[in-house]
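A short worksheet on the structure shown next.
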Amino acid sequence: MKMLERKRGGMILLLVFLSACSTLFVSREGYKDEMLLRRRVEACWRAKLNKNWTVVYKFMCQNYKKHVSKDRFIASANLNLTGFRIQKVRLFPEEKRAKVLVSFDIEVMGFAFKGARISEDWVWEKGNWFVCPSPEGFRSLFEPKRKGK
Numbered sequence: 000m001k002m003l004e005r006k007r008g009g010m011i012l013l014l015v016f017l018s019a020c021s022t023l024f025v026s027r028e029g030y031k032d033e034m035l036l037r038r039r040v041e042a043c044w045r046a047k048l049n050k051n052w053t054v055v056y057k058f059m060c061q062n063y064k065k066h067v068s069k070d071r072f073i074a075s076a077n078l079n080l081t082g083f084r085i086q087k088v089r090l091f092p093e094e095k096r097a098k099v100l101v102s103f104d105i106e107v108m109g110f111a112f113k114g115a116r117i118s119e120d121w122v123w124e125k126g127n128w129f130v131c132p133s134p135e136g137f138r139s140l141f142e143p144k145r146k147g148k
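Per numbering that gives the first Met the number 0, the very first residue in the sequence shown carries number 0; after that it's consecutive.
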């Protein structure tokens with residue numbers, strides 16, 4: 000009986016060890032995994048569709064979060080998204096970044112706009128993919144324009 004319990008315990012430890020190793024492999028090499036990126040993009044846009052701006056903010060890269068606080072982000076979120084489709088994903092594994100083309104449908108003041116497009120920059124940080132709006136994009140939204148520009 001004790002022998003059976005030891006074998007069972009050993010098998011459980013082996014499974015835990017193997018699952019931990021597989022997680023390390025994914026987090027190390029995840030920047031090469033298009034499906035992982037697609038799942039992150041899908042989750043981010045699904046949160047936008049559900050107007051869950053706290054979750055959307057969690058998908059933002061560190062550089063964006065340095066410039067835009069969570070409260071400011073949530074206060075400015077006013078997108079009325081009605082649908083989206085991931086059109087194209089292009090990985091740049093050597094730079095640990097990607098370009099993602101998303102088409103989306105929105106409603107503004109009762110008017111439906113179908114098939115709008117956005118090209119998003121995604122970066123690999125801290126073992127996962129994060130969307131990183133261009134500095135010009137969020138600077139122009141949250142800061143006054145400088146003279147001469």
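Idealized CB from N, CA, C, for every residue including glycine.
Computed from a prediction, not measured in an experiment: that's the story for all the values here.
Excluding its 5 nearest sequence neighbours in each direction, Asn79 has C-beta neighbours in its own chain below 8 Å: Ile105, Glu106, Val107, listed in chain order. The count of Cβ pairs closer than 8 Å, one atom from the region 124-132 and one from the region 59-67, reaches three, so the stretches are in contact. The alpha carbon of Leu35 has as its nearest neighbour, out of Thr81, Gly82, Leu90, the alpha carbon of Leu90.
Non-local C-beta neighbours of Lys31 in its own chain, meaning closer than 6 Å and more than five positions away in sequence, comprise Pro92, ordered along the chain. Annotation: Arg71 to Val40 spans about 22 Å, alpha carbon to alpha carbon. Taking C-alpha positions only, Val88 is separated from Ala46 by approximately 19 Å. DSSP, read as helix, strand or coil, puts Ser68 in coil. The three-state reading of DSSP puts Leu35 in helix, counting H, G and I together.
Of the residues assessed, Ala97 falls on the buried side of the cut-off, its CB having 16 or more other CB atoms within 10 angstroms.
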